[in-house]
Amino acid sequence: MTKQRVLSGVQPTGNLHLGNYLGAIRNWVEGQHQYDNFFCVVDLHAITVPHHPATLASDTYTIAALYLACGIDLAYSTIFVQSHVSAHAELAWLLNCITPLNWLTDMIQFKEKAVKQGENVSVGLLDYPVLMAADILLYDADKVPVGEDQKQHIELTRDIVNRLNHQYGKPDQPVLKSPQPLIRADGARIMSLTDGTKKMSKSDPSDMSRINLLDSPEVIQNKIKKCKTDPVRGLVFGDPDRPECNNLLTLYMLLSGKSKEDVAEECKDMGWGQFKPLLTEAAIAHLKPIQDKYHEIMNEKGYLESVLRDGREKASEIANETLCRVKLALGYSLPT
Ligand code: AMP
Ligand code: TRP
């Protein structure tokens, strides 16, 4: 039986943090043996908000190296850069022309990001989910492992598929395949260290709000020491009045690899002074091998380039085939 296909991606904007890792990349790594996987660095998405041309390329390499350092295995997975496969931009255009405008103005992430941009909202920011749909659909992906915040974008992708198949496919011969989101119960929404009601985010102006995968042990220790807690003794999961407590216990559970029951039992009578060093130690120990591997990969630049070259070749072949299929369905002639 052929394996189901997985596609996912992260934007090369700023540092990867524990939210990206626990909400997305960790799940790619754990599930990769079961699927045929494509992981891209979505650098076309990165310019939907103002960006720094001087660091775009190096940020893209950093993310690709972190995919490998976190445990993506090239025996099961293909890693590539979105802008290296021109079919992404081209399919996005075709999908643009069948996507109703109000589907995009309704997207939660657009509304949130647009508020932050003030007057300076680009058409690209509005169109971001259509490009994301193109990423997924070019590979006929069955599953898309992401954090909770991306669920609405995958629902939109499914709506686009239905619309395109309805308008241009035959009932027994759909043009595009509908993907399913793959969202884990634990870690799908890691919260900020400085406010347990806000998600951990690359765009939070305060670096104290997140633990980055490449933070040094001293920085991690300091961030956990200063993170927001509450004055209650005894630490529990799931109390809606104690969002910081739930988040920090979840981080401890996922980073230490202990079960929820074990963590609940271990921490039920603890105060923060006792808990924080445990979380610090678990975070540092979990991230150390990732950081070591990352530095090893970055010291061997030729290797990363060859990984991305191979990835581009494999991805392009599949993406171009799908693009031709869609163009034919829409009535285009293909170049002879
Ligand atoms: P981004 O940083 O927006 O490129 O997100 C990359 C991946 O990380 C997506 O699958 C997001 O859903 C996931 N992600 C981002 N922030 C968080 C968070 N705070 N908790 C869980 N997952 C997250
Ligand atoms: N929008 C995603 C995010 O910010 C990144 C992304 C772009 C993506 N294309 C994708 C995720 C395709 C999964 C599949 O998190």
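Quick note, our numbering runs 195 ahead of the 1-based positions in the sequence shown. Glycine included, every Cβ here is placed at the ideal spot set by N, Cα and C.
{"Query": "Contact belief for LEU532 with ALA282 at Cβ below 8 Å, rounded distance in angstroms", "Result": "Outside the displayed span of the chain (196 to 531) sits residue 532, for which this structure offers no information."}
{"Query": "Outcome for GLY497 when other beta-carbon atoms lying within 10 angstroms are tallied against a minimum of 16", "Result": "exposed"}
{"Query": "Beta bridge counterpart(s) of THR273 as assigned by DSSP", "Result": "PHE233"}
{"Query": "Distance, GLU508 Cα to GLU495 Cα", "Result": "21 Å"}
{"Query": "Own chain partners of CYS462 with C-beta closer than 7 Å, once the 5 adjacent residues on each side are dropped", "Result": "LEU430, LEU444 and PHE470"}
{"Query": "Any non-hydrogen atom of ligand 3 closer than 8 Å to ASP330 Cβ", "Result": "Ligands displayed in this structure: ligand 1 and ligand 2; ligand 3 is not among them."}
{"Query": "HIS279 - DSSP class collapsed to helix/strand/coil", "Result": "helix"}
{"Query": "Beta carbon of VAL244 nearer than 9 Å to that of GLN277", "Result": "no"}
{"Query": "For GLY226, the residue or residues it bridges with in DSSP", "Result": "BP columns for GLY226 are empty, so no partner."}
{"Query": "SER317 CB to nearest heavy atom of ligand 2 below 8 Å", "Result": "no"}
{"Query": "Span of the beta strand (DSSP E), counted from its first residue to its last, around LYS463", "Result": "Here LYS463 belongs to no beta strand (DSSP E), and DSSP marks it neither H nor E."}
{"Query": "Opposing strand residues paired with SER411 [DSSP bridges]", "Result": "DSSP lists no partner for SER411."}
{"Query": "GLY342 CB to nearest heavy atom of ligand 1 below 8 Å", "Result": "yes"}
{"Query": "Range covered by the beta strand (DSSP E) that runs through GLY204", "Result": "200-205"}
{"Query": "Inter-residue spacing [alpha-carbon to alpha-carbon] between TYR262 and SER501", "Result": "15 Å"}
{"Query": "Limits of the unbroken alpha helix (DSSP H) element including LYS306", "Result": "303-312"}
{"Query": "With 16 other Cβ atoms within 10 Å as the buried cut-off, status of SER203", "Result": "buried"}
{"Query": "Endpoints, the alpha helix (DSSP H) within which GLN347 is located", "Result": "346-363"}
{"Query": "Check: HIS348 C-beta below 8 Å from any heavy atom of ligand 2", "Result": "yes"}
{"Query": "Selection from TRP298, GLN362 and ARG379 that minimises the alpha carbon distance to ARG221", "Result": "ARG379"}
{"Query": "ALA514 beta carbon less than 9 Å from that of LEU286", "Result": "yes"}
{"Query": "Distance between ARG358 and LEU474 (C-alpha atoms, nearest Å)", "Result": "47 Å"}
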